[in-house]
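Numbering (the numbering used here), first residue to last: 309 to 684.
Ideal Cβ placement from N, Cα and C applies to all residues, glycine included.
As structure tokens, the structure follows; a few thoughts come after it.
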């Protein structure tokens, strides 16, 4: 029987790596899921609900990790916990592979086999395992909900006998998964929505959601996308032209949500102090890239600040702000991923090391970092 351990995350992480649904599915594949007591409480997955689904609730992390074949986690586990795992045990989590290389080396040297879910290949077969998409989707939604709650006015146009309330104007910067969900959410709330992105393919997606696309559409723009679908780093000349366009547009917006991230690099600055100063008092900015330096010059990680009458929200872990949904989706991503490795006939792990999904996510094996990202 395959033994799977799931632990309570840190104080700043309300999500959990298993749900009643995935526990039941694992039990059907001859797996024993041991969950540290209380691990699912912040996601509204009680010990009772997990037990009913087939989990074994244990008193401590040590009890869950003892003789475990697999550890499932949301964040990169602490070295102390990793040390309690048998050598060669599998660990699947969001390892934050772009930061803290020394920490990752230490993790690899502990002897575990680690899979970083952020490195999931962008291929059709892996869509159900794509944690960045599932979590970004919820984060984009939460960003707009938080902005609407902070904004001191109504979002939709309202016509009353006493007069007309104009609709809010929302500008979404970056039209990836998070940005598209932010657009859809702002539209559902009744705002007039515009959006921008450096990838030409985003224009059609933005317009299909009923928003207006804002960008300098020159030759560089038409080639600004990698084969994997990510945004390329733009030239200084293009950035200047785009900044001038955005500066004029942003001054008339009530709400701005920034989502621009480039894997492995600091977040690009999209909103300068001068742009913030040009916005009307009472406007709101949500910087979704604040964890990697931020898209707004005045945002601060984990803080909500006011600058020149504008509220700038730099809250961390937006997906974690909807923990029940975020955990359910993340747990399903993990289940779909592990399903590739479970041999139900022998009730054991059977890893195909040549599978492109396995190769794409594998970061640590045989005591060292093995992903191509770490070769530089």
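Cutoff 8 Å; reference residue i; Cβ partners in own chain excluding five residues on either side
| i | result |
| --- | --- |
| residue 613 | 606, 607, 619, 620 and 622 |
| residue 700 | Residue coverage of the chain in this structure runs from 309 to 684, which leaves residue 700 outside it and unanswerable. |
| residue 376 | 311, 312, 313, 342, 393, 394 and 397 |
| residue 346 | 316 and 355 |
| residue 609 | 598, 599, 602, 622 and 624 |
| residue 558 | 479, 564, 579, 583, 586 and 587 |
Residue i - DSSP class collapsed to helix/strand/coil
| i | result |
| --- | --- |
| residue 442 | helix |
| residue 656 | strand |
| residue 432 | helix |
| residue 379 | strand |
| residue 471 | strand |
| residue 422 | strand |
| residue 624 | coil |
| residue 412 | helix |
| residue 361 | helix |
| residue 324 | coil |
| residue 528 | helix |
| residue 313 | strand |
| residue 373 | helix |
| residue 573 | coil |
| residue 548 | helix |
| residue 407 | coil |
| residue 495 | helix |
| residue 521 | strand |
| residue 340 | strand |
| residue 663 | coil |
| residue 678 | coil |
Where residue i falls, given that 16 or more other Cβ within 10 Å makes a residue buried
| i | result |
| --- | --- |
| residue 576 | buried |
| residue 394 | exposed |
| residue 336 | exposed |
| residue 531 | exposed |
| residue 600 | buried |
| residue 282 | Residue 282 lies beyond the stretch modelled for the chain, which goes from 309 to 684, so this question has no answer here. |
| residue 309 | exposed |
| residue 434 | buried |
| residue 344 | buried |
| residue 503 | buried |
| residue 365 | buried |
| residue 391 | exposed |
| residue 634 | buried |
| residue 469 | exposed |
Residue of the options minimising C-alpha distance to residue i
| i | options | result |
| --- | --- | --- |
| residue 586 | 602, 373 and 560 | 560 |
| residue 515 | 548, 527, 530 and 480 | 480 |
| residue 602 | 582, 589 and 578 | 578 |
| residue 349 | 452, 376, 318 and 645 | 318 |
| residue 407 | 384, 604, 388 and 423 | 384 |
| residue 334 | 359, 351 and 571 | 359 |
| residue 641 | 453, 442, 584 and 424 | 442 |
| residue 379 | 422, 510 and 660 | 422 |
| residue 648 | 639, 431, 351 and 659 | 659 |
| residue 400 | 574, 525, 653 and 639 | 639 |
| residue 426 | 432, 409 and 403 | 403 |
| residue 340 | 661, 652, 679 and 663 | 652 |
| residue 570 | 526, 351, 484 and 556 | 484 |
| residue 526 | 510, 512, 513 and 550 | 550 |
Residue i vs residue j beta-carbon contact at 8 Å
| i | j | result |
| --- | --- | --- |
| residue 523 | residue 505 | yes |
| residue 357 | residue 328 | yes |
| residue 668 | residue 429 | yes |
| residue 564 | residue 593 | yes |
| residue 615 | residue 437 | no |
| residue 482 | residue 367 | no |
| residue 424 | residue 486 | no |
| residue 475 | residue 455 | no |
| residue 681 | residue 405 | yes |
| residue 657 | residue 650 | yes |
| residue 325 | residue 381 | yes |
| residue 338 | residue 655 | yes |
| residue 617 | residue 460 | no |
Close Cβ partners of residue i (< 6 Å) along its chain, the five nearest in sequence each way excluded
| i | result |
| --- | --- |
| residue 501 | 478, 491, 494, 495 and 519 |
| residue 754 | An answer regarding residue 754 cannot be provided, because it is not within the stretch 309 to 684 covered by the chain. |
| residue 458 | 592 and 619 |
| residue 595 | 566, 602, 603, 604, 607 and 622 |
| residue 361 | 328, 331 and 332 |
| residue 611 | 622 |
| residue 572 | 406 |
| residue 452 | 490, 493 and 494 |
| residue 562 | 476, 477 and 591 |
Cut-off 7 Å between Cβ atoms - residues of its own chain near residue i, not counting five sequence neighbours on either side
| i | result |
| --- | --- |
| residue 677 | 412, 413, 416 and 671 |
| residue 419 | 395, 396 and 675 |
| residue 528 | 542, 543 and 546 |
| residue 517 | 488, 491, 492 and 495 |
| residue 389 | 315, 369 and 373 |
| residue 581 | 605 and 606 |
Test: residue i CB closer than 8 Å to a CB of chain C
| i | result |
| --- | --- |
| residue 580 | Reference to chain C is not applicable here, since this structure consists of a single protein chain. |
beta-carbon residue i near the ligand PLP non-hydrogen atom, thresh 7 Å
| i | result |
| --- | --- |
| residue 573 | Within the structure as shown, the ligand PLP is missing, as the structure has no ligands at all. |
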